[in-house]
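Engineer:
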Amino acid sequence: MEGNEPIDWSSWTRSLEQIGVVASQSSENSALMVLQEGKEGTVTNETLVLIDNRSGNKILAVCRGGFGYNDALRTSAYTPGIAYAKRGHGPSSSKEFFGFRLVVIGDVTEGVVKQNTMIIAPGSPVYRFNEKFNPMRFLYKSDFTIGYYANGHKSWTIPLMAEYLSHHIGVFGVTGSGKSFLCRYQLIPLLRGYGYDVLILDWKGSDYAPFYPENVISMGDVELDDSSVVSYLAETLNYFGGGDTGYRIVSYLEEVVSTTDWKGRNVHETKEKLLQNLLDVIRDDNLEQSGKLSRWGYIYRRKAERAFERLSPEDLKPLMGEMKPSEVIGLLREKGVLVIDLSYGLKEQKLSVFLSLTRYLKRLMEEKNELKIALLIDEAPQYCPWQPRGLEEKTTKSLIELAALGRSYKLSLTLVSQGIAGEIGINAAVRRNLNTLFIGRIHPLDAMEAEKYFASSFVTSDSLLRLPEGHFYIVGKANPSPIPLLMTFEIPESERVHGRGG
Numbered sequence: 000m001e002g003n004e005p006i007d008w009s010s011w012t013r014s015l016e017q018i019g020v021v022a023s024q025s026s027e028n029s030a031l032m033v034l035q036e037g038k039e040g041t042v043t044n045e046t047l048v049l050i051d052n053r054s055g056n057k058i059l060a061v062c063r064g065g066f067g068y069n070d071a072l073r074t075s076a077y078t079p080g081i082a083y084a085k086r087g088h089g090p091s092s093s094k095e096f097f098g099f100r101l102v103v104i105g106d107v108t109e110g111v112v113k114q115n116t117m118i119i120a121p122g123s124p125v126y127r128f129n130e131k132f133n134p135m136r137f138l139y140k141s142d143f144t145i146g147y148y149a150n151g152h153k154s155w156t157i158p159l160m161a162e163y164l165s166h167h168i169g170v171f172g173v174t175g176s177g178k179s180f181l182c183r184y185q186l187i188p189l190l191r192g193y194g195y196d197v198l199i200l201d202w203k204g205s206d207y208a209p210f211y212p213e214n215v216i217s218m219g220d221v222e223l224d225d226s227s228v229v230s231y232l233a234e235t236l237n238y239f240g241g242g243d244t245g246y247r248i249v250s251y252l253e254e255v256v257s258t259t260d261w262k263g264r265n266v267h268e269t270k271e272k273l274l275q276n277l278l279d280v281i282r283d284d285n286l287e288q289s290g291k292l293s294r295w296g297y298i299y300r301r302k303a304e305r306a307f308e309r310l311s312p313e314d315l316k317p318l319m320g321e322m323k324p325s326e327v328i329g330l331l332r333e334k335g336v337l338v339i340d341l342s343y344g345l346k347e348q349k350l351s352v353f354l355s356l357t358r359y360l361k362r363l364m365e366e367k368n369e370l371k372i373a374l375l376i377d378e379a380p381q382y383c384p385w386q387p388r389g390l391e392e393k394t395t396k397s398l399i400e401l402a403a404l405g406r407s408y409k410l411s412l413t414l415v416s417q418g419i420a421g422e423i424g425i426n427a428a429v430r431r432n433l434n435t436l437f438i439g440r441i442h443p444l445d446a447m448e449a450e451k452y453f454a455s456s457f458v459t460s461d462s463l464l465r466l467p468e469g470h471f472y473i474v475g476k477a478n479p480s481p482i483p484l485l486m487t488f489e490i491p492e493s494e495r496v497h498g499r500g501g
């Protein structure tokens, strides 16, 4: 059943199991199906079906939104059935039936999914696919697949339109939904198979680094560029108290970092050199004609000294890295997959490493280089929260710029987050650049936001709040189906037991 050769539909319908018929109130995009007696115990939500439309075509659809109806148990009026139930007796089932809403994927008469424009005729028979007849063959002919259809057979791998991987990916789900499993066992192999080298920023150092022991570098190994050094120091030193004087001292710090030899052999010597060079720049800019320091010069010097008194050796460790961003990318090319362990630093330190790397990637793209790099960012709200402040403003802006350039120069972003929007999610300007989403079990705070991605496909927040581990709806450009598909994949039992990832 491979390829899109002509289909002998008479043979198909004879071999498939009929499970119901289309009821009244059908349209070209959805219909109600009445199940045959006894099928309510075997047909479930997300079952893929074939509608043999009496209007003259074949339609691929999915069951969503089941219902059961018994006229004897209507609660809008007192009926004999209610009276029987009240006394603990079983009511009559003569007026009872079950069914599902069918959401149309497309017209598959010619063996490929096309938009269905025909009204689905009431009374049309509905068939369930079996393992022999793989409905995924209708969607898209691709060498790149992911997982398998969640309510089907393991052979029903879902084809992806891989050319859209560079249009950026979002992975959303609460802790325990299987986000890290999805990335490690599906997305990273997929991106590698498509020819991308994968650079992983592991915020906690526990979701990816332990699984690539030969492909890990520490955040302390990476040399920060001048802009990242200034941003990090300014944030760590609280902008020297802020205000006009504080920001004036930051401008002096920029001059120190860009024009002087400020790095020592260790953190103690680095601190001494940074402070001395800063005081020298302040003095040179604030000398009066008499050769004495001006009043403002004394203020700047005292503020700088007080700020540096609070600077600990631990604060300066991120400045001691010697591996340039170009060397990091060179190592990535050699390894294919490279994990940067960000676990030991403070947030400002981690964001500074990110800025240093992404500025280099941006420069490569501005020089018209095609990268074929996938940047996987764990704990994405740490980089681009809904209301960024301080360094977060710079990292958020950097992600927006990378997303815009990446589509043309083959830099694919994969952002992994527990939440979609609001306080638990990522910045809206960044989120708009994610064109393929994998949405697993959501947080209740995301209920209204998540439903926006499932308009007219009858996936409700109630369903999203109950998804099992490792189940994700695929939404967006790389999905060959016009409606979201539910996928899953195999998770090694050893990892389920130890609760790693998610």
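Note that numbering that gives the first Met the number 0 has the sequence shown beginning at 0, numbered continuously upward.
Beta carbons are placed, not taken as given, at the ideal position from N, Cα and C, and that holds for glycine.
Since the model is a prediction, treat every value here as computed from it, not as a measurement.
(1) Since Thr269 and Leu315 are thought to touch, with beta carbons under 8 Å apart, how far apart are those beta carbons, to the nearest angstrom?
(2) What three-state label does DSSP hand Val125 in the structure shown?
(3) On the DSSP letters alone, give me the boundaries of the alpha helix (DSSP H) that Thr258 sits inside.
(4) Round the Cβ separation of Asp377 and Tyr207 to the nearest angstrom and send it over; I've been treating them as touching at under 8 Å.
(5) Measure the C-alpha to C-alpha separation of Gly320 and Gly421 and round it to an integer number of angstroms.
(6) What do you reckon, are the CB atoms on Leu47 and Val33 nearer than 7 Å?
(7) Is Ala306 buried or exposed, if buried means 16 or more other CB atoms sit within 10 Å of its CB?
(8) Where Lys346 and Ser462 are concerned, what is the direct C-alpha to C-alpha distance, given to the nearest angstrom?
(9) Buried or exposed: Val255, going by 16 or more other Cβ atoms within 10 Å of its Cβ?
(10) Could you pull the DSSP bridge partners for Arg63 from this structure?
(11) Are the Cβ atoms of Ile423 and Leu444 separated by less than 7 Å?
(12) Please report the distance separating the alpha-carbon of Ser226 from that of Leu374.
(13) Within a Cβ cutoff of 8 Å, which residues of the same chain sit near Glu222, ignoring the five residues on either side of it in sequence?
(14) How would you label Gly37, buried or exposed, when you count the other beta carbons within 10 angstroms and need 16 or more for buried?
(15) Within a Cβ cutoff of 6 Å, which residues of the same chain sit near Ser217, ignoring the five residues on either side of it in sequence?
(16) Would DSSP call Thr235 helix, strand or coil?
(17) Taking the Cβ atom as the reference point for each residue, do Gly475 and Thr435 lie within a distance shorter than 7 Å?
(18) Which ranges would you report for the alpha helix (DSSP H) in the segment 303-334 if only whole runs of at least 4 residues count?
(19) Out of curiosity, what's the CA-to-CA distance linking Asn265 and Leu273?
(20) With 16 as the cutoff for other CB atoms within 10 Å, does Ser257 come out buried or exposed?
(21) Taking 7 Å as the cut-off, decide whether the C-beta atoms of Val20 and Gly122 are in contact.
(22) Between which two residues does the beta strand (DSSP E) holding Asp196 run?
(23) Since Val249 contacts Tyr238 with CB under 8 Å, what's their CB separation in whole angstroms?
(24) By DSSP, does Phe210 sit in helix, in strand, or in coil?
(25) Is it the case that the segment 102-109 contacts the segment 54-74, given that we only count it when at least three CB pairs across the two stretches are under 8 Å?
(26) Taking the C-alpha atoms as reference points, what is the distance between Asn426 and Ser455?
(27) Is the segment 143-157 touching the segment 479-487 in the sense that three or more CB pairs, one from each, lie closer than 8 Å?
(28) Going by DSSP, which residues form a beta bridge with Asn69?
(29) Under 7 Å, do Ala477 and Ser460 count as touching if we go by C-beta distance?
(30) Among the residues of its own chain, which have a CB less than 8 Å from the CB of Trp590, if the five just before and after it don't count?
(31) So what's Phe143 in DSSP terms, helix, strand or just coil?
(32) Give the straight-line distance between the Cα atoms of Gln417 and Leu72, rounded to the nearest whole angstrom.
(33) Using only alpha-carbon positions, find the residue among His442, Asp243, Val336 that is nearest to Leu198.
(34) Just to confirm the assignment, what range does the beta strand (DSSP E) spanning Asp340 have?
(35) Anyone know if the C-beta pair for Ile18 and Val125 falls short of 7 Å?
(36) Please name the residue, chosen from His167, Phe471, Asn285, Gly204, that lies closest to Lys371 on a Cα-to-Cα basis.
Structural biologist: On the basis of the data shown:
(1) Right, their Cβ atoms sit about 6 Å apart.
(2) Val125 carries a strand assignment under DSSP once its states are collapsed to helix, strand and coil.
(3) DSSP places Thr258 inside the alpha helix (DSSP H), whose first and last residues are 242-258.
(4) 7 Å
(5) 35 Å
(6) no
(7) buried
(8) Between Lys346 and Ser462, the C-alpha separation is close to 35 Å.
(9) buried
(10) Arg100
(11) Taking 7 Å as the Cβ cut-off, Ile423 and Leu444 qualify as a contacting pair.
(12) 21 Å
(13) Only Gly320, Glu321, Met322, Lys323, Pro324, Ser355 meet the Cβ criterion.
(14) It counts as exposed.
(15) Asp340
(16) helix
(17) Gly475 is a Cβ neighbour of Thr435, given a cutoff of 7 Å.
(18) Uninterrupted alpha helix (DSSP H) stretches at least 4 residues long and entirely within the segment 303-334 occur at 312-315, 324-334, given in chain order.
(19) 12 Å
(20) Exposed, because fewer than 16 other Cβ atoms sit within 10 Å of the Cβ of Ser257.
(21) yes
(22) 196-201
(23) Contact between Val249 and Tyr238 holds, since their C-beta atoms are separated by about 6 Å, short of 8 Å.
(24) It is helical.
(25) yes
(26) 25 Å
(27) yes
(28) Glu95
(29) no
(30) This structure cannot settle anything about residue 590, because the visible part of the chain is limited to 0 through 501.
(31) coil
(32) 42 Å
(33) Val336
(34) 336-340
(35) Less than 7 Å separates the beta-carbon of Ile18 from that of Val125.
(36) Nearest option by C-alpha distance: His167.
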